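Chemist: Heads up: the sequence shown begins at 7 in my numbering, then just goes up one per residue.
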Amino acid sequence: MSKGLLAINALSPGANLESYIATVNGIPVLTPDEEKALADRLHYEGDLEAARLLVMSHMRFVVHIARSYSGYGLNQADLIQEGNVGLMKAVKRFNPEVGVRLVSFAVHWIKAEIHEYILRNWRIVKVATTKSQRKLFFNLRSQKKTLGWLSVDEANAIADDLGVETKTVFEMEGRLNAYDAAFDAGADDDDDTAYKSPAYYLEDHSADPALQVESDNYEQDANDRLALALDQLDDRSREILQQRWLNDSKATLHDLAAVYEVSAERIRQLEKNAMKKLKDAMGSVLLPA
């Protein structure tokens, strides 16, 4: 098999996972001297062929890490592909002068990409958003002693080990044990199961008789206050507000200026003063019980 064909097959775990794993396991592992020489070529000369060889020789390690995340119910090929992205990022940033092997440096980058992929795809709603939640998501399962719910002592011990608050441990445990549910009932659901869908039991406030009565009373109260407040205005001010705001066909300032034989600016001043009196009156009017 040519190097070019080998590279194409190795970078495509989704096409045939078993063939991919066999391919990457067949790529020779680099000796420390070979790895150092390739890393020097990449770091100092920007040699892309050296980068390719470094990536290819470490893909078996990505497969090993990805297999440890098989319990999250996600496609193994996708996990491997995300780990490969992390490996490539690690190779790009690897400094041969630090004195560590590439595999030790790359493990952080590989896991980081896999973690991010799992958090994005494990549930429809993202289960972990803060730093402490992300830490708990990948450690809580291994920390639990049983399959049951955590006791207070167990939660306190986990919180101490991971440096988070106990309430955050309980919150994450609840998220891990929750499940995604559709808002509407499925097409195949019968009457015995359809009622469990949120669409059937969420409260509809618009149908609450008490709220409807409250709304009607508020509207009636506002109308009564407005009528009483208008009665306290002089005839001209009341007529200007009626023409400008309450009629279906609104009059302009110039229309009213012609009626009262004053300037449009004078009508605007009268309207402004009338509105102020109306607001003050509506705030002070006390309706009979």
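Glycine included, each C-beta is placed from N, C-alpha and C at the ideal position. What you are looking at is a predicted structure, and each value in this text was computed from that prediction instead of being measured.
Taking the alpha carbon of LEU36 as the point to measure from, which residue in TYR50, ALA216, SER255 and MET65 has its own alpha carbon closest?
Modeler: MET65
Chemist: Leaving out the 5 sequence neighbours to the left and right, which residues in its chain are closer than 7 angstroms to TYR297 when beta-carbon positions are compared?
Modeler: Since the first residue shown for the chain is 7 and the last is 295, residue 297 is missing from the structure and cannot be characterised.
Chemist: Tell me where the alpha helix (DSSP H) around SER25 begins and ends.
Modeler: 23-31
Chemist: Between the stretch 222-240 and the stretch 254-268, do three or more beta carbon pairs fall short of 8 angstroms?
Modeler: At 8 angstroms Cβ cutoff, the stretches do not touch.
Chemist: Can you tell me whether DSSP reads PRO365 as helix, strand or coil?
Modeler: Outside the modelled stretch of the chain, which goes from 7 to 295, sits residue 365, for which no answer is possible.
Chemist: Do you know how far the Cα of MET281 is from the Cα of GLN238?
Modeler: 12 angstroms
Chemist: Ignore the nearest five residues each way along the sequence and tell me which others in ASN101's own chain have a CB closer than 7 angstroms to its CB.
Modeler: HIS49
Chemist: Just to confirm my understanding: we take GLN87, look at its own chain, exclude 5 residues before and 5 after, and list those with CB closer than 6 angstroms. What are they?
Modeler: Closer than 6 angstroms at Cβ, skipping near neighbours: PRO19.
Chemist: Would LEU85 and ALA72 qualify as a contact pair, given that the criterion is a beta-carbon distance under 7 angstroms?
Modeler: yes
Chemist: So what's TRP115 in DSSP terms, helix, strand or just coil?
Modeler: helix
Chemist: Quick one: what does DSSP say PHE100 is sitting in, helix, strand or coil?
Modeler: coil
Chemist: Helix, strand or coil: which one does DSSP assign to VAL68?
Modeler: DSSP places VAL68 in helix when its eight states are reduced to three.
Chemist: Hey, would you say ASP273 sits closer than 7 angstroms to ALA264, going by beta carbons?
Modeler: Strictly speaking, residue 273 in this sequence is Ile, with Asp absent from that position. Cβ atoms of ILE273 and ALA264: not closer than 7 angstroms.
Chemist: Rounding to the nearest angstrom, what Cα-Cα distance links SER269 and ALA216 in this structure?
Modeler: 50 angstroms
Chemist: Taking DSSP as the reference, what is the three-state secondary structure of LEU12?
Modeler: Since pLDDT at LEU12 reaches only 47, below the 50 mark, its modelled position is unreliable, and no value is offered.
Chemist: Closest to PHE143 by C-alpha separation, out of ILE164, MET288 and ALA83, would be which residue?
Modeler: ILE164
Chemist: Using DSSP with H/G/I as helix, E/B as strand and the rest coil, what is THR258?
Modeler: Secondary structure of THR258 (DSSP, three-state): coil.
Chemist: Would you mind working out which of VAL104, VAL158, PHE67 and TRP155 sits nearest VAL113, comparing C-alpha positions?
Modeler: Of VAL104, VAL158, PHE67 and TRP155, the residue nearest in Cα terms is PHE67.
Chemist: How should ARG126 be labelled, buried or exposed, when 16 other C-beta atoms within 10 angstroms of its C-beta is the threshold for buried?
Modeler: exposed
Chemist: With PRO38 as the anchor, note down where its alpha helix (DSSP H) starts and where it stops.
Modeler: 38-51 is the span of the alpha helix (DSSP H), which, as asked, contains PRO38.
Chemist: How many Å lie between ASN279 and VAL219 at the Cα?
Modeler: 35 angstroms
Chemist: Is the beta carbon of MET94 sitting closer than 7 angstroms to the one on VAL69?
Modeler: no
Chemist: Using a Cβ-Cβ distance under 7 angstroms, would GLN82 count as near chain B?
Modeler: Looking for chain B here will not work: only one protein chain is present.
Chemist: Can the beta-carbon of ALA233 be found closer than 7 angstroms to that of LEU284?
Modeler: no
Chemist: Answer with buried or exposed for ARG99, where buried requires no fewer than 16 other C-beta atoms within 10 angstroms of its C-beta.
Modeler: Exposed is the call here.
Chemist: So LEU156 and GLU179 are supposed to be a Cβ contact under 8 angstroms. How far apart are they, rounded?
Modeler: 6 angstroms
Chemist: Have a look at ASN15 and LEU23 and give me their C-alpha separation to the nearest angstrom.
Modeler: Any reading at ASN15 must be qualified, since the residue scores a pLDDT of 49, below 50, and its modelled position is unreliable; the value itself is stated next. Cα-Cα distance, rounded: 10 angstroms.
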